[in-house]
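Letter by letter, the sequence shown follows residues 92 to 305 in this note's numbering.
C-beta atoms are modelled at their ideal positions from N, C-alpha and C, and glycine is treated no differently.
This one's a predicted model, so the numbers in the text were calculated from it and none came from an experiment.
Working notes, beginning with the structure itself.
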Amino acid sequence: MSTFSDIKTAIQDFKQNKFLIVMDDENRENEGDLIIAAENITSLQMAFIVRYSSGYICAPLTNKRADQLDLPLLTDFEYKGSSDSKATPYTISVDFREGSTTGISASDRTLTVKKLADDVNVTQPEEFIKPGHIVPLRANDKGVLARRGHTEAAVDLCRLSGLKEVGVIGELVKEDDGEMMRLKECQEFAVKHDIKIITVEALVKYIEENGYSS
């Protein structure tokens, strides 16, 4: 059975373009997310995260980048229905315009998240089709210290790793019935696929003690 990895060791894996499994609090969602940096993700890695998650792939990013690409929070729009109790910061979904086909394939989704991370060459909102098949999430500017979610964990891991602050996340689901993986299943998955597993709580403690230096 896998044990939790220390954050410093996990960051080294993250820097090397490897997945991490991040568990949040038992009293929050009690779920494990596959997380990887968007900057260098491959199509094979995108296919992996699609296969073992619900297929609903999100891309946590900074508010600065979201503003640059005109990605408003969906809660900024008025609509009928109840709000998300976890206040997940969903924005309008996107596909990268140039080079995409339908937007749903692993290669198209890989292209989209890599372009979300490319804040040097991709700076115009019009470069993305909206709505699309990747869901950007606006991370709290203060990271996991302010909001202990997978969204902030992904951006903080990128920051600690010296990478573009855009991640790719997918919630792990069980292969047999499609229900969410809890801690036991996430630990078994981590062993099977040689992926390090950490908690948001440990990430909070690491940043409180070390700041954003890895």
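Whole-angstrom distance between Gly261 and Met271, CA atom to CA atom: Translated into positions along the sequence shown, residue 271 becomes position 180. Translated into positions along the sequence shown, residue 261 becomes position 170. Computed Cα separation, rounded: 11 Å.
Sufficient close CB pairs (3 or more, under 8 Å) joining the region 191-202 to the region 130-142: yes
Glu189 (DSSP reduced to helix, strand or coil): Indexing the sequence shown from 1 puts residue 189 at position 98. Reduced to three states, the DSSP call for Glu189 is coil.
As assigned by DSSP and simplified to three states, the class of Tyr80: Residue 80 is absent from the model: the chain starts at 92 and stops at 305.
C-alpha distance - Arg200 paired with His224, whole-angstrom precision: Along the sequence shown, read from residue 1 onward, the residue named residue 200 stands at position 109. Along the sequence shown, read from residue 1 onward, the residue named residue 224 stands at position 133. Roughly 7 Å separates the two Cα atoms.
Beta strand (DSSP E) segment containing Arg156, residue limits: Numbered from 1 along the sequence shown, position 65 holds the residue referred to as residue 156. Premise fails: Arg156 lies in the alpha helix (DSSP H), Asn154 to Gln159, not in any beta strand (DSSP E).
7 Å Cβ cutoff met for Val259 and Ile132: Within the sequence shown, numbered from 1, the residue matching residue 259 stands at position 168. Within the sequence shown, numbered from 1, the residue matching residue 132 stands at position 41. Against a cut-off of 7 Å, the Cβ pair of Ile132 and Val259 comes out as a contact.
DSSP three-state assignment for Gly269, whether helix, strand or coil: Within the sequence shown, numbered from 1, the residue matching residue 269 stands at position 178. Note: Gly269 maps to coil in three-state DSSP.
Run of the alpha helix (DSSP H) containing Ala244, from where it starts to where it stops: Numbered from 1 along the sequence shown, position 153 holds the residue referred to as residue 244. From DSSP, the alpha helix (DSSP H) with Ala244 extends over His241 to Leu251.
For Lys221, three-class secondary structure by DSSP: Taking the first residue of the sequence shown as 1, we reach residue 221 at position 130. If DSSP states are grouped into helix, strand and coil, Lys221 belongs with the strands.
Top-ranked residue by Cα proximity to Glu299, from Lys233, Phe105 and Asp167: What you label residue 299 is simply residue 208 of the sequence shown in a count that begins at 1. The shortest C-alpha separation from Glu299 is found at Lys233.
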